[in-house]
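Asker: These protein sequence lines are chains G and P, in that order. Per my numbering: the first sequence = residues 24 to 155. Per my numbering: the second sequence = residues 24 to 155.
Protein chains: 2
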Amino acid sequence: MKHKQVNLSKNQHIVLETIRKAKKPLKAYSILSSVKKKGINAPPQVYRALEKLVELGAIHKIESKNAFVDCKNSECETSKATAFSICKKCQKITEIMNSKLSTYLTNFQDNTGMKYEKYNLEFYGLCKRCKL
Amino acid sequence: MKHKQVNLSKNQHIVLETIRKAKKPLKAYSILSSVKKKGINAPPQVYRALEKLVELGAIHKIESKNAFVDCKNSECETSKATAFSICKKCQKITEIMNSKLSTYLTNFQDNTGMKYEKYNLEFYGLCKRCKL
DNA sequence: TAACAAGCGTTATAATATAACAATTATGTA
DNA sequence: TACATAATTGTTATATTATAACGCTTGTTA
Chain G
24 MKHKQVNLSK NQHIVLETIR KAKKPLKAYS ILSSVKKKGI NAPPQVYRAL EKLVELGAIH
84 KIESKNAFVD CKNSECETSK ATAFSICKKC QKITEIMNSK LSTYLTNFQD NTGMKYEKYN
144 LEFYGLCKRC KL
Chain P
24 MKHKQVNLSK NQHIVLETIR KAKKPLKAYS ILSSVKKKGI NAPPQVYRAL EKLVELGAIH
84 KIESKNAFVD CKNSECETSK ATAFSICKKC QKITEIMNSK LSTYLTNFQD NTGMKYEKYN
144 LEFYGLCKRC KL
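#1: Which word fits P/L73, buried or exposed, when buried means at least 16 other C-beta atoms lie within 10 angstroms of its C-beta?
#2: Less than 9 Å between the C-beta atoms of G/D93 and G/A81, yes or no?
#3: Looking at the unbroken alpha helix (DSSP H) that takes in G/I42, where does it start and where does it end?
#4: With a threshold of 6 Å on Cβ separation, who are the neighbours of P/L144 within its own chain once the five nearest residues in sequence on each side are excluded?
#5: Decide if G/L155 is buried, meaning its Cβ has at least 16 other Cβ atoms within 10 Å, or exposed.
#6: According to the neighbour-count rule (16 or more other Cβ atoms, all chains shown, within 10 Å of its Cβ), is P/K115 buried or exposed?
#7: With a floor of 3 residues, list each beta strand (DSSP E) that falls wholly inside the region 52-112 of chain G, ordered by position along the chain.
#8: Pick helix, strand or coil for P/L155, following the three-state DSSP scheme.
#9: What would DSSP say about P/K47, mapped onto helix, strand or coil?
#10: To which residues does DSSP link G/G148 through a beta bridge?
#11: Round the Cβ separation of P/N89 and P/K50 to the nearest angstrom and send it over; I've been treating them as touching at under 8 Å.
#12: Starting from P/I116, trace the beta strand (DSSP E) in both directions and tell me its first and last residue.
#13: CA-CA distance, G/C110 and P/F131?
#14: Leaving out the 5 sequence neighbours to the left and right, which residues in its chain are closer than 6 Å to P/S32 when beta-carbon positions are compared?
#15: Using 8 Å as the threshold, is the region 50-66 of chain G in touch with the region 114-128 of chain G, meaning 3 or more CB pairs across them?
#16: Along chain G, which residues have their Cβ under 7 Å away from the Cβ of P/D133?
#17: Look at the alpha carbon of P/H83 and the alpha carbon of G/I42, and state the distance between them as a whole number of angstroms.
#18: Is there a C-beta anywhere in chain G that falls below 9 Å from the one on P/K151?
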């Protein structure tokens, strides 16, 4: 699985590596406290890096959690089509990579005449382990 | 079929009516300033009402905007399956009511063994008018 | 009518995010 | 090279969104 980090700036690189090492989605201020030892001191530095990384498709924002995960999908050049499953109990979040789903949603048209360029889908439920 | 607002408390009723009258999704603090004249003075009063109304399915939260809209879908007893289109330019937000879509997503299963109970889907793009 | 759940009002504060500005670094191109 | 310019950085301050905690009141129901 290929990772994208070639043209990243110093702060972008630090933030991305922090997110990649995490096993859970990270919140901005949690990232901030992790990277203070690397010389990143203030929120705007983190938020700017996050914004850029989202643009690049290197990470995704879980909107309902205000948290960030790295993109595991090598086909994901930009964050135009994202889907996640979120366990309500253990909070485990998994990116859903299902070509039928993404094809279905990418081609979806409602009756308002709107041209969709991007979507984000968040499923909630109980994961395999928490169901027991 | 019971009307959704019959059993609402005073604050819940005020907040719901404010959202219903609005033509756009409202943010919590915008609601707060609208309802000060009706005796609601502090954020927790608004947030409590919003939480309950979301639970009841009377309103939905647009996660990527931190804003609330009333549910236009009479079948929507609780907010278990929601989809919206969001215009990137004019910010117009429309609830998508499409039974094929909701059936497809409600029955969707990925390969992680997770049981989905709820989803929220947000499409972004340009609405008919802004496309021109 | 006692007991309990739900709701209320209030103060304070936590958590999330951005504005604004000056300085620095990277990149393209004449 | 040298200049323009776009991107990035560091910093302070502040805006925005959301919740904790506490005691009181109201509504429900056994």
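Don't be surprised by glycine CBs; every beta carbon is placed ideally from N, CA and C.
Answerer: Result, derived from the coordinates:
#1: buried
#2: yes
#3: 33-44
#4: A106
#5: With fewer than 16 other Cβ atoms inside 10 Å of its own Cβ, G/L155 counts as exposed.
#6: buried
#7: 82-85, 90-93, 104-110
#8: coil
#9: coil
#10: G/C110, P/Y139
#11: 6 Å
#12: Unbroken beta strand (DSSP E) run through P/I116: 116-118.
#13: 16 Å
#14: none
#15: no
#16: S108, I119, N121
#17: 30 Å
#18: yes
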